[in-house]
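Numbering (the working numbering), first residue to last: 3 to 187.
All C-beta atoms in this analysis are idealised placements derived from N, C-alpha and C, irrespective of residue type, glycine included.
Note that the structure is a prediction, hence the values are computed from the model and not measured.
Before any comments, here is the structure.
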Ligand SMILES: CC(C)(COP(=O)(O)OP(=O)(O)OC[C@H]1O[C@@H](n2cnc3c(N)ncnc32)[C@H](O)[C@@H]1OP(=O)(O)O)[C@@H](O)C(=O)NCCC(=O)NCCS
């Protein structure tokens with residue numbers, strides 16, 4: 003398996019690029035916001051939590067072969083980091099991976115998450131040569147379900163109590179998209 007480098011990508015309003023140590027403050031701003039992590043297994047993050055997270059995602063850039071990409075999503079207009087969108091290879095043989103994302107609350111509801119996730123799918127299919135990309139979300143996380151549907155993913159399952167999150171069993175919707183279903187438009 004060869005390691006694929008993530009080259010910065012531009013969409014209409016965004017730049018997707020590798021994360022940097024200087025992204026700490028922007029990542030901590032949303033990571034420490036309790037509303038952002040309501041449906042997530044982590045957070046709200048302390049500065050130490052954000053430091054550990056940033057260290058681990060920066061280390062991905064040196065993994066060989068590389069399976070994990072946590073990509074900074076930057077608003078072209080202001081050059082500010084508004085969130086992170088990720089893609090992870092879960093199986094080399096069946097060419098499968100999954101995506102995830104998290105954004106600063108100030109920028110929700112503007113279509114940025116969908117715009118970036120679409121570009122991440124493109125990277126997954128065109129550069130990582132994946133066959134199937136999946137994502138899961140809490141059924142209560144309507145915004146996330148909508149993002150996955152807007153980028154062409156199909157809901158293929160409802161996983162019952164497959165996560166133990168904050169001491170409670172949690173269901174997930176399972177979404178996926180296959181390489182032949184992906185459209186560049
Ligand atoms: C999930 C998340 C990325 C969505 O971001 P966003 O900026 O709202 O996404 P977009 O604007 O691209 O699109 C989301 C769509 O869902 C809608 N939406 C967002 N929140 C909603 C809610 N609570 N109820 C109903 N619709 C909602 C938006 O209006 C938009 O719909 P539209 O295109 O028809 O207007 C963002 O809320 C977030 O970062 N949440 C915290 C982290 C998280 O939950 N990550 C996902 C884990 S599975």
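- One thing to note: residue 66 has its Cβ within 8 Å of the Cβ of residue 5.
- Using a cutoff of 7 Å, the CB of residue 62 does not count as near ligand 1, since none of the ligand's heavy atoms is closer than that.
- In the three-state DSSP reduction, residue 93 falls in the strand class (E or B).
- Residue 84 is a Cβ neighbour of residue 105, given a cutoff of 8 Å.
- Restricted to the region 64-138, the alpha helix (DSSP H) segments that are unbroken, complete and at least 4 residues in length are 114-124, listed in chain order.
- Excluding residues up to 5 positions away in sequence, 45 and 46 lie with their Cβ nearer than 7 Å to the Cβ of residue 39 in the same chain.
- The three-state secondary structure of residue 60, taken from DSSP, is helix.
- The C-beta separation of residue 21 from residue 59 comes to about 6 Å, placing the pair in contact by the 8 Å criterion.
- Assignment of residue 175 by DSSP, reduced to helix, strand and coil, places it in the strand class.
- Distance from the CA of residue 57 to the CA of residue 10, rounded to the nearest whole angstrom, comes to 20 Å.
- Residue 130 has its Cβ no nearer than 7 Å to any heavy atom of ligand 1.
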